[in-house]
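One structure below.
Residue numbers (the numbering used here): 152 to 441.
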């Protein structure tokens, strides 16, 4: 099943992102999380790819296992970091052999200890090159990419970032998923600007329910996402009350999703951090209201 066929504003799908666990216990917990989320009938799930390709084999094994054992469509993240063209060709061939039909093509973050991205000899500088490579090699994948409503932290301006996205789309993307955001105004403005320059693929909003005060502070520093002042003040007041933080985070994300759905998004992608309760509460509330 090609994900592009599931992205429909008249019948939007929910999807979930996971990362490969480091231990057998973590894998068992992840499969339990998937079991908890399966009744919500996700349109697809995605599995991330560690910095420097550190989880390459685990990513491949996990997406194949999810699709084989749960029947849920699974998408593998692929990054340029640390890989030559030949290595990427081999990885894509293995995914195709495992009957995986969808990939998320990313440049990727620099390996741990490095502050700037440098491709290996024979590798790619940009995600657009990876997308073009997948198309030129004639793989039959549905290819997604990433986009940044508030601009990528490495780009000089949002306009420059948008031009980079246009290059990726023109190289052959079928859809894009946004970086997390907490203010829908950034998403709606981004979509409007993207359409204005001819980016017409589905733009799926990425939502991360806040479940931990320190964690969200760390994430926003890394990716440049803005926490609205009112939400930040509310979080500050309850930061020492874990249950209250989760309740506030779930409530905020639910309101975000309600507005997004009311304005015709093609789907919503949840960054789960390998945990199900918050996402399950949000999707259950959205389904009940619909």
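A virtual CB, placed ideally from N, CA and C, is assigned to each residue, including glycine.
Treat the numbers as computed from the prediction; the structure is a model and nothing was measured.
Have a look at residue i and residue j and give me their C-alpha separation to the nearest angstrom.
| i | j | result |
| --- | --- | --- |
| residue 225 | residue 198 | 7 angstroms |
| residue 280 | residue 251 | 21 angstroms |
| residue 169 | residue 409 | 23 angstroms |
| residue 362 | residue 404 | 11 angstroms |
| residue 317 | residue 278 | 12 angstroms |
| residue 329 | residue 297 | 6 angstroms |
| residue 231 | residue 430 | 30 angstroms |
| residue 434 | residue 394 | 19 angstroms |
| residue 322 | residue 287 | 10 angstroms |
| residue 420 | residue 304 | 21 angstroms |
| residue 366 | residue 360 | 11 angstroms |
| residue 333 | residue 213 | 29 angstroms |
| residue 218 | residue 388 | 42 angstroms |
| residue 291 | residue 381 | 46 angstroms |
| residue 152 | residue 222 | 11 angstroms |
| residue 269 | residue 306 | 16 angstroms |
| residue 338 | residue 331 | 10 angstroms |
Once the 5 residues before and after residue i are set aside, which same chain residues still bring their CB inside 7 angstroms of it?
| i | result |
| --- | --- |
| residue 352 | 320, 324, 325, 326, 327 |
| residue 344 | 313 |
| residue 407 | 335, 358 |
| residue 181 | 169, 172, 425 |
Out of the options, which one is the CA nearest neighbour of residue i?
| i | options | result |
| --- | --- | --- |
| residue 415 | 312, 311, 194, 355 | 355 |
| residue 173 | 436, 371, 407, 425 | 425 |
| residue 299 | 377, 286, 194 | 377 |
| residue 233 | 265, 245, 246 | 265 |
| residue 220 | 243, 249, 286, 244 | 249 |
| residue 294 | 311, 273, 257, 306 | 257 |
| residue 241 | 382, 207, 391, 310 | 207 |
| residue 342 | 373, 301, 244, 390 | 301 |
Which residues does DSSP list as the beta-bridge partners of residue i?
| i | result |
| --- | --- |
| residue 200 | Answer is none; residue 200 lacks a bridge partner. |
| residue 230 | 257 |
| residue 420 | 166, 357 |
| residue 195 | 166 |
| residue 96 | Absent from the model: residue 96. The displayed extent of the chain is 152 to 441, so no value can be given. |
| residue 225 | 196 |
| residue 331 | 357 |
For residue i, is the classification buried or exposed, using 16 other Cβ atoms within 10 angstroms of its Cβ as the cut-off for buried?
| i | result |
| --- | --- |
| residue 413 | exposed |
| residue 386 | buried |
| residue 190 | exposed |
| residue 418 | buried |
| residue 183 | exposed |
| residue 215 | buried |
| residue 273 | exposed |
| residue 186 | exposed |
| residue 308 | exposed |
Given residue i, which residues of its chain have a CB within under 8 angstroms of its CB, disregarding the five upstream and five downstream residues?
| i | result |
| --- | --- |
| residue 228 | 197, 198, 199, 200, 210, 254, 255, 257 |
| residue 348 | 313, 314, 317 |
| residue 271 | 233, 234, 235 |
In chain order, what residues of the same chain have a beta carbon less than 6 angstroms from the beta carbon of residue i, not counting five sequence neighbours either side?
| i | result |
| --- | --- |
| residue 178 | 172 |
| residue 449 | With the chain represented from 152 up to 441, any question about residue 449 goes unanswered, as that position is not in the structure. |
| residue 437 | 408 |
| residue 427 | 184, 187, 188 |
Any Cβ of chain D within less than 8 angstroms of the Cβ of residue i?
| i | result |
| --- | --- |
| residue 224 | The structure shown contains no chain D; it holds only a single protein chain. |
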